[in-house]
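Below is one structure, written out as structure tokens; comments come after it.
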Amino acid sequence: MEPAWTMTDPFHRAPYPTISPLRPELSQAGRTMLVTGGNEGIGFAIAKAFEQANAARVIILGRRAEATKNSAAQIAQQYPRVEVQGLTCDISKSADIDELWASLGRQAIVVDILVLNAVVISESKPILATISSGKLWQDFDTNVKAQLQMIEHFHAQDKVAAKGANQKVFINVSSYAIHEWKVAAEKPGYGLTKSAATLAIQLIAQDVPPEEMQIVSMNPGGVFTRAAKAAGYTEESFQWNHPDLPGQFALWLASSEAKFLHGRFVWAEWDVDQLKSGVLRKKIDEDSYHFKVGVRGL
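1 is the number of the first residue of the sequence shown in full-length UniProt numbering; add one for each residue after it.
Dropping the structure here:
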């Protein structure tokens, strides 16, 4: 199997014209986007990309009230034409998620694009050392259960949305830990839960056509965030990507150009032009399991 970083040439570490929010084809005019973990880093960059693409409303979700409020205010100041909301929600708590969507419903707000970016990075301990402590199940609550609860509410909006509502787009910010075993071995609970969530979302995509809800999982690449620092990494640990790369790649995934990736897993560093055509596109079109989670060879 080819290493992921050789899939396309170039292999990007910064934004480039094809995924630019200034492209008319990527316009988000009239649409509402909600991103979890949007206070900083990758989530903040995703929110910024959608605002640059003229989204009607951007909702930033975070656990820390003050940070969420400040992040929303910062973007609102930069892009005054976009309505920006900063909402506090701990997605590890089912009641918080239920209340979030109930509140949006009371305000007659229908979310068109949902980006799930919030995550818990597991301890560097063997799985057997985290089961009895309950830590593994806490990771599952945030990285799996919460993701499914969020997409369930998101999809259920169709029952109350106005006729002719926008097509829905769901983007799962996953991780290369789902296929790089060495990385998964360092933080096995993280690899396990991200794999479980990505597979579950892939199964949902089998039941929901892209015309109704376009679903894609992406590896955002290495971005030096507060979470990465808390996990023990430093600025010298890797060749980090610019946060606007996954931010603008997520924007492109929300466009009709990415429809062919419905139900699949891709890297933000891969060149979009080569994904859309050429050898990679041929493999995707010919193999319904290409870039999907599962055991091949059986």
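We put the CB at the ideal spot given by N, CA and C, even for glycine.
Buried or exposed by the 16-neighbour rule on C-beta atoms within 10 Å, applied to residue i
i      : result
Trp252 : buried
Thr6   : exposed
Glu66  : exposed
Arg106 : exposed
Given residue i as reference, the closest of the options once Cα atoms are compared
i      : options                           : result
Gly221 : Gln77, Asp96, Lys283 and Gly247   : Gly247
Ser175 : Val266, Met150 and Ala53          : Val266
Phe151 : Asn54, Gln214 and Asn241          : The sequence given here places Ile at residue 151; Phe does not occur at that position. Closest by alpha carbon: Gln214.
Arg226 : Gln78, Gly278, Phe249 and Val120  : Val120
Gly62  : Ile46, Gly86, Ser256 and Asp112   : Gly86
Pro243 : Ala254, Asn219, Ala258 and Ser133 : Asn219
Asp141 : His155, Ser122, His153 and Phe170 : Ser122
Ser255 : Trp101, Val110 and Pro210         : Pro210
Ile171 : Ala156, Thr198 and Tyr190         : Thr198
Lys194 : Ala177, Ala185 and Trp181         : Ala177
Whole-angstrom distance between residue j and residue i, CA atom to CA atom
i      : j      : result
Ile284 : Pro188 : 29 Å
Glu99  : Asp139 : 21 Å
Tyr79  : Glu51  : 7 Å
Ser92  : Lys145 : 8 Å
Ala162 : Leu203 : With a pLDDT of only 46 at Ala162, under 50, the local geometry of the prediction cannot be trusted, and the value read off the model is given with reservation. So the alpha carbons of these two residues sit roughly 27 Å apart.
His262 : Ser94  : 27 Å
Pro15  : Pro24  : 16 Å
Val183 : Leu34  : 29 Å
Leu22  : Ala45  : 15 Å
Ala268 : Ile97  : 28 Å
Beta-carbon proximity list for residue i, same chain, < 6 Å, skipping 5 on both sides
i      : result
Gly37  : Gly43, Asn117 and Ala118
Ala108 : none
Neighbourhood of residue i by C-beta distance below 8 Å, restricted to the same chain and skipping five residues each side
i      : result
Ala200 : Val144, Gln147 and Leu148
Beta-carbon contacts of residue i that lie in its chain and below 7 Å, excluding the five residues immediately before and after
i     : result
Ile19 : Gln248, Phe249, Leu251, Trp252 and Val272
Going along the chain, which unbroken runs of the beta strand (DSSP E) with 3 or more residues stay wholly within the region 169-235?
213-219
Just list the beta strand (DSSP E) runs in the region 251-283, keeping only unbroken ones of 3 residues or longer that don't cross its boundaries, in chain order.
265-267
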